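Student: Got a structure here, written out as structure tokens. Questions coming.
Number of protein chains: 2
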Amino acid sequence: MPPRVTIVDVAARAGVAISSVSSALNNRPGVSDDTRKRILEAAEDLGFVPSLRGRSLSAKRAFAVGLVVHRDPYVLESDPFFGSFIGGIETVLDPRGYALILQMGSERVETLDRYRSLAANRRVDGVFLNELGVDDPRIPLVQELGLPAVGVNAGPAFPLPAVRQDHGRGIAELVDHFVTLGHRRFAHVSGPHEFIHGHQRRRAWGDALAAAGMEPGVVVEGDFTYEGGVSAADRVFGGGSREARPVHPTAVFCSNDLSAIGFMARASELGFRVPEDVSVAGYDGIELGTYVRPALTTIRTNPRLIGREAARMLLDAIDACPEGTRRIPDVDVDPAHLLVRSSTGPAPLQD
Amino acid sequence: MPPRVTIVDVAARAGVAISSVSSALNNRPGVSDDTRKRILEAAEDLGFVPSLRGRSLSAKRAFAVGLVVHRDPYVLESDPFFGSFIGGIETVLDPRGYALILQMGSERVETLDRYRSLAANRRVDGVFLNELGVDDPRIPLVQELGLPAVGVNAGPAFPLPAVRQDHGRGIAELVDHFVTLGHRRFAHVSGPHEFIHGHQRRRAWGDALAAAGMEPGVVVEGDFTYEGGVSAADRVFGGGSREARPVHPTAVFCSNDLSAIGFMARASELGFRVPEDVSVAGYDGIELGTYVRPALTTIRTNPRLIGREAARMLLDAIDACPEGTRRIPDVDVDPAHLLVRSSTGPAPLQD
DNA sequence: TCCCGGTACCGAAACGTTTCGGTACTTGTC
DNA sequence: GACAAGTACCGAAACGTTTCGGTACCGGGA
Numbered sequence: 001m002p003p004r005v006t007i008v009d010v011a012a013r014a015g016v017a018i019s020s021v022s023s024a025l026n027n028r029p030g031v032s033d034d035t036r037k038r039i040l041e042a043a044e045d046l047g048f049v050p051s052l053r054g055r056s057l058s059a060k061r062a063f064a065v066g067l068v069v070h071r072d073p074y075v076l077e078s079d080p081f082f083g084s085f086i087g088g089i090e091t092v093l094d095p096r097g098y099a100l101i102l103q104m105g106s107e108r109v110e111t112l113d114r115y116r117s118l119a120a121n122r123r124v125d126g127v128f129l130n131e132l133g134v135d136d137p138r139i140p141l142v143q144e145l146g147l148p149a150v151g152v153n154a155g156p157a158f159p160l161p162a163v164r165q166d167h168g169r170g171i172a173e174l175v176d177h178f179v180t181l182g183h184r185r186f187a188h189v190s191g192p193h194e195f196i197h198g199h200q201r202r203r204a205w206g207d208a209l210a211a212a213g214m215e216p217g218v219v220v221e222g223d224f225t226y227e228g229g230v231s232a233a234d235r236v237f238g239g240g241s242r243e244a245r246p247v248h249p250t251a252v253f254c255s256n257d258l259s260a261i262g263f264m265a266r267a268s269e270l271g272f273r274v275p276e277d278v279s280v281a282g283y284d285g286i287e288l289g290t291y292v293r294p295a296l297t298t299i300r301t302n303p304r305l306i307g308r309e310a311a312r313m314l315l316d317a318i319d320a321c322p323e324g325t326r327r328i329p330d331v332d333v334d335p336a337h338l339l340v341r342s343s344t345g346p347a348p349l350q351d
Numbered sequence: 001m002p003p004r005v006t007i008v009d010v011a012a013r014a015g016v017a018i019s020s021v022s023s024a025l026n027n028r029p030g031v032s033d034d035t036r037k038r039i040l041e042a043a044e045d046l047g048f049v050p051s052l053r054g055r056s057l058s059a060k061r062a063f064a065v066g067l068v069v070h071r072d073p074y075v076l077e078s079d080p081f082f083g084s085f086i087g088g089i090e091t092v093l094d095p096r097g098y099a100l101i102l103q104m105g106s107e108r109v110e111t112l113d114r115y116r117s118l119a120a121n122r123r124v125d126g127v128f129l130n131e132l133g134v135d136d137p138r139i140p141l142v143q144e145l146g147l148p149a150v151g152v153n154a155g156p157a158f159p160l161p162a163v164r165q166d167h168g169r170g171i172a173e174l175v176d177h178f179v180t181l182g183h184r185r186f187a188h189v190s191g192p193h194e195f196i197h198g199h200q201r202r203r204a205w206g207d208a209l210a211a212a213g214m215e216p217g218v219v220v221e222g223d224f225t226y227e228g229g230v231s232a233a234d235r236v237f238g239g240g241s242r243e244a245r246p247v248h249p250t251a252v253f254c255s256n257d258l259s260a261i262g263f264m265a266r267a268s269e270l271g272f273r274v275p276e277d278v279s280v281a282g283y284d285g286i287e288l289g290t291y292v293r294p295a296l297t298t299i300r301t302n303p304r305l306i307g308r309e310a311a312r313m314l315l316d317a318i319d320a321c322p323e324g325t326r327r328i329p330d331v332d333v334d335p336a337h338l339l340v341r342s343s344t345g346p347a348p349l350q351d
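Line by line, the protein sequences give chains B and L. If you use full-length UniProt numbering, the first sequence corresponds to residues 1 to 351, in order. If you use full-length UniProt numbering, the second sequence corresponds to residues 1 to 351, in order.
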């Protein structure tokens, strides 16, 4: 553990004051080309890397941003969103010298405390607000704390900068796909109502059906899990086998892929063939959907892109923060589109 | 954004020097009970929270540790390990005032650079070495950098502190289970050979079979993915249907659950019923395995526990670091055990 | 009475940057 | 040739802690 080489060493080697070294390395004016070159050489020779700690203290910045997820193991484990989302975040953070601090909170309340302590000791300069709920308590919290934040897939009235990927378009495409295939009886397995994105997908589904002149069909509440999809299938089909239910929904939209896969599995067990008897579609576009049989028709989102834009916005918001609260414009990434695979097909001949 | 309350404010309010405040708040001697109480009150009144930045600079510590994962979206997305592993890490880090910095590197080389820059600007005090490969280049790197590190599921000759969960025990239980059910022809879908854990599971499988007096059977290399399990099934069954292969392995051990699930799916397509024609077992114990049909027999690991122990060790190693390189003893968490569900059953009557 | 050890407290340095005000020198203008 | 303006560079303060050496005071022993 050799003692770190500091700006003082560089200054000594170049024969200048440390303030000149700082100016030179940060491309500030007031240093002659000659001196600047000498300083850069000295820094290079010594392998100088500015100390993040020194910079942090002086700049009053942590050079880090925070992401808090629920501790529920199943979230990071099975939600495909986070892996790609974090990957997208990283592509922006790293080149700008920022790092991502990941925290987990088991309970909703504990999650709030995480944000609070992150802000209290100034460990981060800003945070992501993910998996927003309706009336999410984190919103007033970050406002009160004066902590820069961006919302991910926030609702329309969200009072902070946000990045969104439109649900409506892909869902309208799905409804169109279903109707074209002759489907007339629909069902939706929603996400939990307390989450904005579950809420929005459900509404977009209802709107698109209405726009197509269709009956709204049945809606059962799921929870974004495989198991939720399984029990949703039981509810949609009334727990009966295919023979017992000659008239049933023939086109089902599940609010995410995982629940759609669970739904398909249970439907098969009940004797409903997919897609011959019932068409099933999901939402997300996770890898697993390409492997199950039949391969899952879905609406493919782009979490990586969302992460990238969210990170870009957050860093902008942080930069803008001191000089007045300049408002960062919201970003809408390319909407999610329908991806037709094998789990959807023509409506069966019944009625 | 009210100006932060600092130790100076507390000192002023309590009418003492800042050094006394520091001593009082850190439970150091040299402060009378009377004064200490006054200081604590002042700190409380003002809502003082010590600045992490100031402490970092003074203590020459970042109060953060790093975890680098491959950017391959499928890793965080589908590998159940990380979610729980990180959860376990958090339970230790948080109470000790540490935070986790998560980085992603797409390539092996880039991953190395991440470690290097993490160390260069001293963003972290230590790192986890996960998904170790044979002759992993990160080992000499952290040694050269003098960066405290702990290995996760490292090999036996690993030169740094490590936490391990034994593979042998559960795999021996699985072999025993298979043999008791009358199986005599075996196959193994391995992980990539360049990863230590893939390597170890394969060897433990071979050893356990030998110990039971069985033929080693066929081994095909997989890649820990669902798709890898699918193509492994093709290779194990020679791509033929059940009728075309009257003699085939009847008991298959896949090196992780995801590939086992892929294997089962493809086996079904080829006409092999699970478990009537072929028994299949995985490794990990992911949630998905409880939902597929038949539910997957597996060997359940405990990533959360591994994360917890790894974090504990890393913090210990960091604390021990300055005062000589005191060696932290390795930790073996409770071994992984067999969890029998429905994908394994009696050997079919053939021969 | 003198000294000695111990305790409570203080002041200042140190950590490694950035930034700001100031000084010396150069150049241009009348 | 004096003065203003501009440039290159320097020194010191500031960021918020911890730590270390020092001072003042108090009690006890000779």
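Quick reminder that beta carbons are idealized off the backbone N, C-alpha and C, glycines included. Predicted, not measured: the structure shown is a model, and the values here were computed from it.
(1) Quick check: what's the CA-CA separation for Ala212/L versus Val109/B?
(2) Sort Ala208/L, Thr344/L, Arg13/L, Ser56/L by Cα distance to Gly217/L and report the nearest one.
(3) Expressed to the nearest angstrom, what Euclidean distance is found between the alpha-carbon atoms of Ile238/B and Leu258/B?
(4) Check this for me: beta carbons of residue 362/L and Leu132/L, under 7 angstroms apart or not?
(5) For my contact list, Ala154/L and Ala99/L are in at a C-beta cut-off of 8 angstroms; report their separation, rounded to the angstrom.
(6) Which two residues bound the contiguous alpha helix (DSSP H) that contains Thr301/B?
(7) Go ahead and pull the three-state DSSP assignment for His337/L.
(8) Looking only at DSSP bridge pairs, what is Met104/L linked to?
(9) Could you check the C-alpha separation between Glu90/B and Met104/L for me, to the nearest Å?
(10) As a quick exercise: from Val292/B, Asp9/B, Ala295/B, pick the residue whose alpha carbon is nearest that of Val49/B.
(11) Taking 7 angstroms as the threshold (beta carbon to beta carbon), is Val92/B in contact with chain L?
(12) Compare the Cα-Cα distances from Ala14/L to each of Val175/L, Leu52/L, Asp34/L and report the closest residue.
(13) CB-CB under 7 angstroms to Arg300/L, same chain, minus the five flanking residues each way: which ones, in chain order?
(14) Using the Cα positions of Asp136/L and Gly198/L, report the straight-line distance between them to the nearest angstrom.
(15) Between Asp351/B and chain L, is the shortest Cβ-Cβ distance under 7 angstroms, so that the two count as touching?
(16) When we look at the beta-carbon of Val252/L and count the other beta-carbons within 10 Å, is it buried (16 or more) or exposed?
(17) How about Phe224/B and Gly191/B: do their beta carbons lie closer than 7 angstroms?
(18) For Val189/B, return the contacting residues in chain L, with the cut-off set at a CB-CB distance below 7 angstroms.
(19) Are there 16 or more other CB atoms within 10 angstroms of the CB of Asp277/L, so buried, or fewer, so exposed?
(20) Using a cut-off of 8 angstroms between C-beta atoms, extract the partners of Pro50/B located in chain L.
(21) Measuring only the C-alpha atoms, how far is Ala204/L from Asp332/L?
(22) Report the rounded CA-to-CA distance for Leu112/L versus His70/L, giving the unit in angstroms.
(23) Since Glu269/B meets chain L, which of its residues come closer than 8 angstroms, beta carbon to beta carbon?
(24) Does Asp351/L pass the burial test, meaning 16 or more other C-beta atoms within 10 Å, or should it be called exposed?
(25) Determine the DSSP secondary structure at Asp351/L, reduced to helix, strand or coil.
(26) When DSSP labels each residue in this structure, what does Thr250/L get in the three-state scheme?
(27) So, using beta-carbon positions, are Pro303/L and Phe85/L closer together than 7 angstroms?
(28) Helix or strand or just coil, what does DSSP make of His167/L?
(29) Hey, could you find the ends of the alpha helix (DSSP H) Glu41/B is sitting in?
(30) Inspect the beta-carbon positions of Tyr115/B and Leu93/B and report whether they are closer than 7 angstroms.
(31) Going by C-alpha distance, which of Gly206/B, Phe272/B, Arg164/B is nearest Ala244/B?
(32) Apart from the five residues just before and just after Val31/L, which ones in its own chain have a Cβ nearer than 7 angstroms to its Cβ?
(33) Quick one, which of Ile18/B, His193/B, His167/B has its alpha-carbon nearest Val219/B's?
(34) Interface residues of chain B around Glu221/L at Cβ under 7 angstroms?
(35) Pick out whichever of Tyr283/L, Thr344/L, Gln200/L, Gly126/L has its Cα sitting closest to the Cα of Pro294/L.
(36) Can you list, in chain order, the residues of its chain whose CB lies under 8 angstroms from that of Gln143/L, leaving out five sequence neighbours each side?
Tutor: According to the structure data:
(1) Start at 1 with the first residue of the second sequence, and residue 212/L comes out as number 212. Start at 1 with the first residue of the first sequence, and residue 109/B comes out as number 109. Distance between the alpha carbons of Ala212/L and Val109/B: 52 angstroms.
(2) The residue you call residue 217/L lines up with position 217 of the second sequence. Of the candidates Ala208/L, Thr344/L, Arg13/L, Ser56/L, Ala208/L places its Cα closest to the Cα of Gly217/L.
(3) Working through the first sequence from its first residue, we reach residue 238/B at position 238. Working through the first sequence from its first residue, we reach residue 258/B at position 258. Per the sequence presented here, residue 238/B reads as Gly, with Ile not at that position. Straight-line Cα distance between these residues: approximately 21 angstroms.
(4) Residue 362/L lies beyond the range of chain L shown here (1 to 351); nothing can be said about it.
(5) As a working note, residue 154/L is residue 154 in the second sequence. As a working note, residue 99/L is residue 99 in the second sequence. With a Cβ gap of about 24 angstroms, Ala154/L and Ala99/L do not count as contacting.
(6) Sequence index remark: in the first sequence, residue 301/B carries index 301 (1-based). Here Thr301/B belongs to no alpha helix (DSSP H), and DSSP marks it neither H nor E.
(7) Reading the second sequence from its first residue, position 337 is the one you call residue 337/L. Under the three-state reduction of DSSP, His337/L is assigned to strand.
(8) Numbered from its first residue, the second sequence carries residue 104/L at position 104. The partner list for Met104/L (beta bridge, DSSP) reads Val69/L.
(9) Position 90 of the first sequence, counted from the first residue, corresponds to residue 90/B. Position 104 of the second sequence, counted from the first residue, corresponds to residue 104/L. Distance between the alpha carbons of Glu90/B and Met104/L: 7 angstroms.
(10) Position 49 of the first sequence holds residue 49/B. It is Asp9/B whose Cα lies nearest to the Cα of Val49/B.
(11) Start at 1 with the first residue of the first sequence, and residue 92/B comes out as number 92. No, Val92/B lies away from the interface with chain L (no Cβ there is under 7 angstroms from its Cβ).
(12) Residue mapping note: residue 14/L aligns to position 14 of the second sequence, counting from 1. For the residues Val175/L, Leu52/L, Asp34/L, the minimum Cα distance to Ala14/L belongs to Asp34/L.
(13) On the second sequence, position 300 is the one that residue 300/L refers to. Excluding positions up to five away in sequence, the list reads Gly285, Ala336, His337, Leu339.
(14) One-based indexing of the second sequence puts residue 136/L at position 136. One-based indexing of the second sequence puts residue 198/L at position 198. Cα-Cα distance, rounded: 14 angstroms.
(15) Taking the first residue of the first sequence as 1, we reach residue 351/B at position 351. In this predicted model, Asp351/B has a pLDDT of only 47, less than 50, meaning its place in the structure is not dependable; the value taken from the coordinates is given anyway. No, because no Cβ of chain L sits closer than 7 angstroms to the Cβ of Asp351/B.
(16) In the second sequence, counting from the first residue as 1, residue 252/L sits at position 252. When all chains shown are included, Val252/L counts as buried.
(17) Stepping through the first sequence from its first residue, residue 224/B is reached at position 224. Stepping through the first sequence from its first residue, residue 191/B is reached at position 191. In contact: Phe224/B and Gly191/B (Cβ atoms closer than 7 angstroms).
(18) Taking the first sequence and counting its residues from 1, the one referred to as residue 189/B is at position 189. Within 7 angstroms Cβ-Cβ: nothing; Val189/B doesn't reach chain L, min ~15 angstroms.
(19) Your numbering for residue 277/L matches position 277 in the second sequence. Buried is the call here.
(20) What you label residue 50/B is simply residue 50 of the first sequence in a count that begins at 1. Per Cβ cutoff of 8 angstroms: Asn121.
(21) Locating residue 204/L in the second sequence gives position 204, counting from the first residue. Locating residue 332/L in the second sequence gives position 332, counting from the first residue. Answer to the nearest angstrom: the Cα atoms are 17 angstroms apart.
(22) Position 112 of the second sequence, counted from the start, is the residue given in the question as residue 112/L. Position 70 of the second sequence, counted from the start, is the residue given in the question as residue 70/L. Cα-Cα distance, rounded: 11 angstroms.
(23) The residue you call residue 269/B lines up with position 269 of the first sequence. The contacting residues are Arg293.
(24) Numbered from 1 along the second sequence, position 351 holds the residue referred to as residue 351/L. Caution applies to Asp351/L, whose pLDDT of 48 falls short of 50 and renders its modelled position unreliable; the model cannot decide the point.
(25) The residue you call residue 351/L lines up with position 351 of the second sequence. Reliability fails at Asp351/L, whose pLDDT of 48 lies under 50, so the model's placement of it is uncertain and the value that follows must be treated cautiously. DSSP, reduced to helix, strand and coil, places Asp351/L outside both helices and strands of the structure shown, so it counts as coil.
(26) Locating residue 250/L in the second sequence gives position 250, counting from the first residue. Three-state result, Thr250/L: coil.
(27) Here the question's residue 303/L lines up with position 303 in the second sequence. Here the question's residue 85/L lines up with position 85 in the second sequence. The Cβ-Cβ distance between Pro303/L and Phe85/L falls below 7 angstroms.
(28) Start at 1 with the first residue of the second sequence, and residue 167/L comes out as number 167. In the structure shown, His167/L sits in coil (DSSP, three-state: anything other than H, G, I, E or B).
(29) For the purposes of this step, residue 41/B is identified with residue 41 of the first sequence, where counting begins at 1. Start and end: 33-46.
(30) Here residue 115/B corresponds to residue number 115 of the first sequence, with the count starting at 1. Here residue 93/B corresponds to residue number 93 of the first sequence, with the count starting at 1. It is not a contact, given that the beta carbons lie outside the stated cut-off.
(31) By 1-based counting over the first sequence, the position of residue 244/B is 244. From the listed residues Gly206/B, Phe272/B, Arg164/B, the smallest Cα separation to Ala244/B is found for Phe272/B.
(32) For the purposes of this step, residue 31/L is identified with residue 31 of the second sequence, where counting begins at 1. When the five nearest sequence neighbours on each side are left out, the beta carbons in the same chain lying within less than 7 angstroms of the beta carbon of Val31/L are those of Ser20, Ser23, Ala24, in order along the chain.
(33) Walking along the first sequence from the start, residue 219/B turns up at place 219. It is His193/B.
(34) One-based indexing of the second sequence puts residue 221/L at position 221. Here the premise fails: no neighbours, minimum Cβ distance about 19 angstroms.
(35) In the second sequence, counting from the first residue as 1, residue 294/L sits at position 294. Restricting attention to Tyr283/L, Thr344/L, Gln200/L, Gly126/L, the CA atom closest to the CA of Pro294/L is found in Thr344/L.
(36) Residue mapping note: residue 143/L aligns to position 143 of the second sequence, counting from 1. Answer for Gln143/L: Pro159, Leu160, listed in chain order.
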